[in-house]
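Notes for the one structure printed next.
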Amino acid sequence: MVMFLFKNLLSKLQGDFYEPSSIFMKDFPIPNATESQRTAIEKLVKKCLDAKKDDRNADTSELEKQIDHLVYKLYQLTYNEVKIIDPEFALTEQEYLDLP
Numbered sequence: 175m176v177m178f179l180f181k182n183l184l185s186k187l188q189g190d191f192y193e194p195s196s197i198f199m200k201d202f203p204i205p206n207a208t209e210s211q212r213t214a215i216e217k218l219v220k221k222c223l224d225a226k227k228d229d230r231n232a233d234t235s236e237l238e239k240q241i242d243h244l245v246y247k248l249y250q251l252t253y254n255e256v257k258i259i260d261p262e263f264a265l266t267e268q269e270y271l272d273l274p
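For the sequence shown, our numbering begins at 175 and goes up steadily by one.
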């Protein structure tokens, strides 16, 4: 989601990098996660980090997608908003609604 915002709000620098300004970052919304949301995200992040620690080239894309899904819910995005941000989003609307 952050990359979506960067791509749509910030200018691209040489080398395809974005430079977020303090003006942008001070207004960046950070939602308060429930304990269950925080725990679910932390577990997935730990799995990603452990996999990369064991094998730097480990494929963690599925874990990263699961994290993305939980972050979408954390920001209370609707299913249609998620499809705009992530056109390859594979969950059905009901599966998305059923996420914690």
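Even glycine gets a Cβ: it sits at the ideal position worked out from N, Cα and C.
Pairwise C-alpha distance: residue j and residue i
i: Lys217; j: Glu269; result: 20 Å
i: Thr234; j: Lys226; result: 8 Å
i: Tyr246; j: Val256; result: 7 Å
i: Ser210; j: Pro274; result: 7 Å
i: Thr213; j: Asn231; result: 26 Å
i: Thr252; j: Asp229; result: 35 Å
Neighbour-count burial assignment, residue i, 16 or more Cβ in a 10 Å radius
i: Lys220; result: exposed
i: Ile204; result: exposed
i: Leu271; result: exposed
CB-CB length for residue i against residue j, believed under 8 Å
i: Asp242; j: Asp260; result: 7 Å
i: Leu237; j: Cys222; result: 5 Å
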